[in-house]
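Worksheet: one structure, shown below.
Chains as they are written, first to last, in the working numbering: chain A, 1431 to 1758; chain B, 1431 to 1758; chain C, 1431 to 1758; chain D, 1431 to 1758.
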């Protein structure tokens, strides 16, 4: 039985708490959150205790921590947990600064602890199936990757500043997906972006619509399309082209209902947002973490992946600002 | 160059006229219709002449006739054309009476002329593709056939009497499709039907919604679903189950457009009715006829198929009336 | 917190045990099974105790029982639980004999306990969505129902005797679905069936391929297609036609992957069997039961529904044997 | 009746000849081709005469010309036809040089003749349906356009030089589609490309895989993906995102067949290449030309559109070579 401490009792923390509680070999022992009430509610639900960072990390029976607290606490918590020898499951990003992230990585590697970074989409069964097609060369030699990622609706305009902006907050998932599917590091990044949806987002110095183009050393190409608004729900698709064919992962729909009437054949909408779409992914992510702690698997995304996606996001930001291609 | 005479200048006659005119090896020489105006309009469009049955059949340069006149003229015209030694392309049915049809068949066979009966759906590229799956045993040994056939809207209630009723007018196509796909004669027929759409149809002694179940000697099963109304257009699908898998032919849509919005993912409707859906089938049907006249192919459906579909329709009618299974 | 006793620790019992354990307001207290080892394993997994029927029903803190034991124990267990005043969740069928079922129903009704019968498909989100289309009259007035239900592979031939045969074991789900979707009792039943897949099934007096046609008093029509083998997995679809359109629930696929290559565009298979396809349905079924015990909902399927589906199955069996339409 | 002269009796010339011959109000009078045999074969098929450029243009009964000859003859033939006052239907591109194209445009405009440039995809019923969604604002305000265009297999490597390369030969269609769908001129072009399929293409100075990003003055974004090889056939899709939803035009399949077996649900492949996919588009294109000659419509793409697509292709070429964004 693996004992967990959860840092952060918000929306994403609640998902991880439920998955830990439902897992046959995991136990949620502690919940830590600045908001005592949130912590208590979640702890009560799963028979866990509310405690502090220091006490949780001092408990020798805690094997692992899940960091789902605000972004600016991630790197510190990682280092503290590493110092205490705990296995670490950290929500992305490690930090919004690549330098701070690099320092944190050194710390983790010196401590020799396991660190999984929460790029949950690598665990989505649909994207996994695409990755398996690439790895098995069922579609031949990979040539192109196309990633479409659109949120159902834009966040409050104020959020965009604290989040690091579209490239570091939202597209970072797609940049990670690109690295994972390409199987090779991008060496050129081009980004262009607009504020088409909410002028307030522009007023806060960010964009809401963006296209990024990546190229690897061997010439593989990738394009990413991001929008902060898809009136039809969460739009999460990937498509890969190889010498022998194409593999696509389509959106998951709310149901398999199709109504056909004078307007056409109307299939159900894509699932609304990440809680629905990635429910299975979060479970598989926890499973991968537990298997990794037990030495039976490797994390599908580790601290290095956390850094590299941020480096690409920074490059995209620089390209969009300067209008130049960025070479890595 | 094959010279044609067309009997019947109505909607279906016009389709055949256009296909003959566009064919590299066919020529429309005569058009015959009781309505002189219709005949003249069609003849003018394709540089043909209006004439009479007698004169057309007396012309030794006429090689083939297309019979697209009212149903009650079919058998007589077939016999006259057979007597004149012309190749015959006749719209279904040969006649609404099985006895009259049998007599006509004897005549045709004695005359030794070619006769194609217009079960146009056998020529539909989608249904052809399903048939090829069965014939190649790609889906293994055939076990079940499901046929869905729904018109966009019911005909005028008065029409149902002259037409022979739903089973002889509409389902006859599906009964032919069943025989063709099953590759074996049905030996048991069960039908049940209702008047759910237009009470006037019921008042005229017919039904507008019907289900038929067929069984062959080897135990293969088939179900047919007919409705006189599909609010979404012409619904024409078949599905076959074999020991190794299933093959389906879906509806053809008006375009490949899919609009995804807050209501769902809305694909275009099925094509409206038979002129659109079976445009390619009518061309392929004429091609098969011309190839058959030239001795290079056999008609995909001949006079015998015309009779057998009528026999099944009669059995369905009897079953629906009596509430009994009819054994053939 | 609702305390449960589970009768039957087999495959379906294990599903219910997991769902009870994961439910915030339910607790699995007892597991009862003739096979002590199965009972113990399941009990250990969820911190429950192994006990006997008598002791479990004698515990006043047990509020509800789940009956997932062999079919021939269902009616007795229902009556014992009813006598003890427990709420009852019983897997279908109540019994293979309609008379025994009727007696059991009287007992339950006299006892005044709640009884939910496990027609799990009513809880499938896809079929629920179709039902909602009918109830809201979004597709207008319902006219026709088409149900396709095929297992991935046939059971051992010996099983068919004890199971009551295809109509009572397998199609009973579809007959229940038909009643539920039609919203009206069938008054005519016609069945035809063959043994096309496994001759051993025929040697054991059963069939493996069957078609059933139902008609209601108002003339609504329904057709059901059953096969014991679908090489592509579990095939579970419904289609309903109304005056304003059609609603369909398609199969759920293993993933949204589509691979397009020289063979075509290959989408993932339907989910393999009922454990995968109906995972969400089993959760929603338990939820409905718990809500019903708390007086907030009614069971979606009760003991009366259990009886009526069996009556239809018996009628189908009689029709297939006699070749006659059965009027109810 | 409109009398046509066709310049060029190759593959695309043959399509136009067939469409002219089948049109109720058009007549193919002359065929001109350097290869006398090709010209004669086509002329014989449609009862036309073989002649020379000079004689054809001198015939006052010729109303219109179709230019389907090699690219380097287009501009000269346009000018000669314009001088003779004929209506002009010219295959794209007008010329591979933007300067030569500009000169030709001046000539055409001075002559005041009608000129349609053969961007056939604007006439595709599927893309038309997407365009109608944009124009009606059914998807709200347009924000993003995604165009996927892949040929079934690469051309001979030698062809790429004479063709002007991937951007001017192949992507020019997509650049025109982008302008048409965006409804606004792109002001920034970024291109990146690789030679991943055939090294011979690279040795001849061209690429076979390319991504292009466009941005308009109002900030609308567009991405185009091109590959010279799609193992599954001709891949021609567009997707547009607006404030209220998304519209997509999917590939047209060879048939509606779906085979479901242990490998999955296998739909038919996309239609093989442009002759199949754009058969309807070529007919509608001719119809638009004829209606335009009769003063009832305007060409959907004229000489100005021919120039603008070339300017974008040149910019893409420059961007891919220099690694810079090109501002127009």
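Just so you know, even glycine gets a beta-carbon here, dropped at the ideal spot from N, CA and C. On a predicted model such as this, the values are computed, not experimentally measured, just so you know.
Three or more C-beta pairs below 8 Å linking the segment 1571 to 1584 of chain D and the segment 1656 to 1672 of chain D: Yes, they touch.
Could you name the residues of the segment 1535 to 1567 of chain A whose beta carbon sits closer than 7 Å to any beta carbon of chain C, in the order they occur along the chain? Result list: 1555, 1556, 1559, 1560 and 1563.
Contact list for the segment 1687 to 1710 of chain C against chain D, Cβ threshold 9 Å: Listed by position along the chain: 1687, 1688, 1689, 1690, 1691, 1692, 1693, 1694, 1695, 1696, 1697, 1698, 1699 and 1700.
Taking the alpha-carbon of residue 1595 (chain A) as reference, which of A:1573, A:1624 and A:1619 has the nearest alpha-carbon? Position 165 of the first chain, counted from the start, is the residue given in the question as residue 1595 (chain A). Looking at the Cα atoms, A:1624 is the closest of the given residues.
Just by C-beta distance, which residues in the segment 1647 to 1662 of chain C are closer than 7 Å to chain D? Using a CB distance below 7 Å, the part of the segment 1647 to 1662 of chain C facing chain D consists of 1661 and 1662, ordered along the chain.
Count the other CB atoms, across all protein chains shown, that sit within 10 Å of the CB of residue 1647 (chain A); report buried if there are 16 or more and exposed otherwise. One-based indexing of the first chain puts residue 1647 (chain A) at position 217. By the beta-carbon neighbour count (other beta carbons within 10 angstroms, threshold 16), residue 1647 (chain A) is exposed.
What residues from chain D crowd round residue 1620 (chain A), counting only those whose CB sits closer than 8 Å? In the first chain, counting from the first residue as 1, residue 1620 (chain A) sits at position 190. Residues of chain D passing the Cβ test: 1620, 1622, 1643 and 1755.
Counting contacts by CB-CB distance shorter than 8 Å, is residue 1503 (chain A) in contact with chain D? For the purposes of this step, residue 1503 (chain A) is identified with residue 73 of the first chain, where counting begins at 1. Cβ-Cβ to chain D under 8 Å: no for residue 1503 (chain A).
Taking only beta-carbon atoms, is residue 1615 (chain A) less than 8 Å away from chain C? Taking the first residue of the first chain as position 1, residue 1615 (chain A) is located at position 185. By this cut-off, residue 1615 (chain A) is not an interface position.
Could you spell out where the alpha helix (DSSP H) holding residue 1534 (chain C) opens and where it closes? In the third chain, the residue the question calls residue 1534 (chain C) occupies position 104. Run containing residue 1534 (chain C): 1528 to 1541, per the alpha helix (DSSP H) assignment.
Residue 1555 (chain D) - DSSP class collapsed to helix/strand/coil: Within the fourth chain, residue 1555 (chain D) is the residue found at index 125, counting from 1. Judged by DSSP in its simplified three-state form, residue 1555 (chain D) adopts helix.
Between residue 1540 (chain A) and the ligand FAD, is there a pair consisting of the residue's CB and a ligand heavy atom that are separated by less than 7 Å? In the structure shown, the ligand FAD is absent, as is every other ligand, since no ligand is present at all.
Just how far apart, CA to CA, sit residue 1687 (chain C) and residue 1695 (chain C)? Here residue 1687 (chain C) refers to the residue found at position 257 of the third chain. Here residue 1695 (chain C) refers to the residue found at position 265 of the third chain. Rounded to whole angstroms, the separation of the alpha carbons of residue 1695 (chain C) and residue 1687 (chain C) is 10 Å.
Output the residue ranges of the beta strand (DSSP E) runs that lie fully inside the segment 1633 to 1698 of chain C and measure 3 residues or longer, sorted by chain position. Complete beta strand (DSSP E) runs here, min 3: 1639 to 1646, 1651 to 1657, 1665 to 1672, 1675 to 1679, 1687 to 1691 and 1694 to 1697.
Contact under 8 Å by Cβ, residue 1436 (chain C) with residue 1447 (chain C): Numbered from 1 along the third chain, position 6 holds the residue referred to as residue 1436 (chain C). Numbered from 1 along the third chain, position 17 holds the residue referred to as residue 1447 (chain C). Closer than 8 Å, so yes.
So what does DSSP say about residue 1627 (chain C), is it helix, strand or coil? The count along the third chain starts at 1 and reaches residue 1627 (chain C) at position 197. Here residue 1627 (chain C) sits in coil by DSSP.
Is residue 1612 (chain A) close to chain D? Criterion is C-beta to C-beta, closer than 8 Å. In the first chain, counting from the first residue as 1, residue 1612 (chain A) sits at position 182. Not one chain D Cβ lies under 8 Å of residue 1612 (chain A).
Taking the continuous beta strand (DSSP E) assigned at residue 1784 (chain A), which residues delimit it? Chain A is shown from 1431 up to 1758; residue 1784 (chain A) falls before or after that span and cannot be answered.
Cβ-Cβ separation, residue 1737 (chain A) to residue 1524 (chain A) (assumed contact under 8 Å), whole Å: For this step, residue 1524 (chain A) is matched to residue 94 along the first chain. For this step, residue 1737 (chain A) is matched to residue 307 along the first chain. About 7 Å; that satisfies the 8 Å criterion.
Can you pull the chain B residues whose beta carbon is under 7 Å from the beta carbon of residue 1574 (chain C), in chain order? Taking the third chain and counting its residues from 1, one reaches residue 1574 (chain C) at position 144. Near residue 1574 (chain C) (Cβ distances below 7 Å), the residues of chain B are 1639, 1655 and 1657.
What are the residues of the segment 1669 to 1682 of chain D that lie near chain A, defined by any Cβ-Cβ distance shorter than 9 Å? Flagged, chain order: 1669, 1671, 1672, 1673, 1674, 1675 and 1676.
Closest to residue 1603 (chain A) by CA distance: which of A:1638, A:1505 and A:1731 is it? As a position in the first chain, residue 1603 (chain A) is number 173, starting the count at 1. Restricting attention to A:1638, A:1505 and A:1731, the CA atom closest to the CA of residue 1603 (chain A) is found in A:1731.
Using a Cβ-Cβ cutoff of less than 8 Å, which residues in the same chain neighbour residue 1637 (chain A) once the five nearest sequence positions on both sides are dropped? For the purposes of this step, residue 1637 (chain A) is taken as the residue at position 207 of the first chain. If we look at residue 1637 (chain A) and ignore the five residues flanking it on each side, its Cβ neighbours are 1595, 1596, 1623, 1624, 1625, 1631 and 1750.
Please list, in chain order, the chain A residues whose beta carbon lies closer than 8 Å to that of residue 1569 (chain C). On the third chain, residue 1569 (chain C) is found 139 positions in, with the first residue counted as 1. Simply 1689 and 1691.
Across the segment 1606 to 1622 of chain A and the segment 1610 to 1617 of chain D, are there enough close Cβ pairs to call them in contact, namely three or more that are closer than 8 Å? Look at the beta carbons and you see the segment 1606 to 1622 of chain A not touching the segment 1610 to 1617 of chain D: under three pairs across the two are nearer than 8 Å.
Residues bridged to residue 1395 (chain A) [DSSP beta-bridge criterion]: The shown model of chain A, from 1431 to 1758, leaves out residue 1395 (chain A), and the question about it has no answer.
Taking the alpha carbon of residue 1734 (chain D) as the reference point, which residue from D:1639, D:1531, D:1708 and D:1505 has its own alpha carbon closest? The residue labelled residue 1734 (chain D) in the question sits at position 304 within the fourth chain. Put simply, of D:1639, D:1531, D:1708 and D:1505 the residue whose alpha carbon is nearest the alpha carbon of residue 1734 (chain D) is D:1531.
Less than 8 Å between CB atoms is the rule here; does residue 1596 (chain B) satisfy it with respect to chain C? Reading the second chain from its first residue, position 166 is the one you call residue 1596 (chain B). Not a single C-beta of chain C is nearer than 8 Å to the C-beta of residue 1596 (chain B).
How big is the Cα-Cα spacing for residue 1640 (chain D) and residue 1678 (chain A)? Stepping through the fourth chain from its first residue, residue 1640 (chain D) is reached at position 210. Stepping through the first chain from its first residue, residue 1678 (chain A) is reached at position 248. Put simply, the backbone Cα of residue 1640 (chain D) is about 19 Å away from that of residue 1678 (chain A).
Report the residues of the segment 1625 to 1637 of chain D with a CB closer than 8 Å to any CB of chain A, ordered along the chain. Result list: 1625, 1626 and 1627.
Using a C-beta cutoff of 8 Å, does residue 1452 (chain D) count as contacting chain E? This model lacks chain E altogether; the protein chains it does include are A, B, C and D.
For a test of the three-state rule: what should DSSP assign to residue 1755 (chain A), helix, strand or coil? What you label residue 1755 (chain A) is simply residue 325 of the first chain in a count that begins at 1. In this structure, residue 1755 (chain A) counts as coil in the three-state DSSP scheme.
Given 8 Å as the limit, is there contact between the segment 1705 to 1712 of chain B and the segment 1546 to 1554 of chain B, that is, 3 or more CB pairs closer than that? Counting Cβ pairs under 8 Å, three or more are found: they touch.
Identity of the residues DSSP links to residue 1579 (chain B) by a beta bridge: Taking the first residue of the second chain as 1, we reach residue 1579 (chain B) at position 149. DSSP, once it has assigned bridges, lists B:1656 and B:1666 as partnering residue 1579 (chain B).
With 7 Å as the limit, tell me which residues of the segment 1494 to 1528 of chain C have their beta carbon closer than that to any beta carbon of chain A; keep them in chain order. Taking 7 Å as the cut-off between beta carbons, none of the residues of the segment 1494 to 1528 of chain C comes near chain A.
Do you know whose CA, among D:1548, D:1689 and D:1682, lies nearest residue 1674 (chain B)'s CA? Locating residue 1674 (chain B) in the second chain gives position 244, where the first residue counts as 1. When each option's Cα is compared against that of residue 1674 (chain B), the closest is D:1689.
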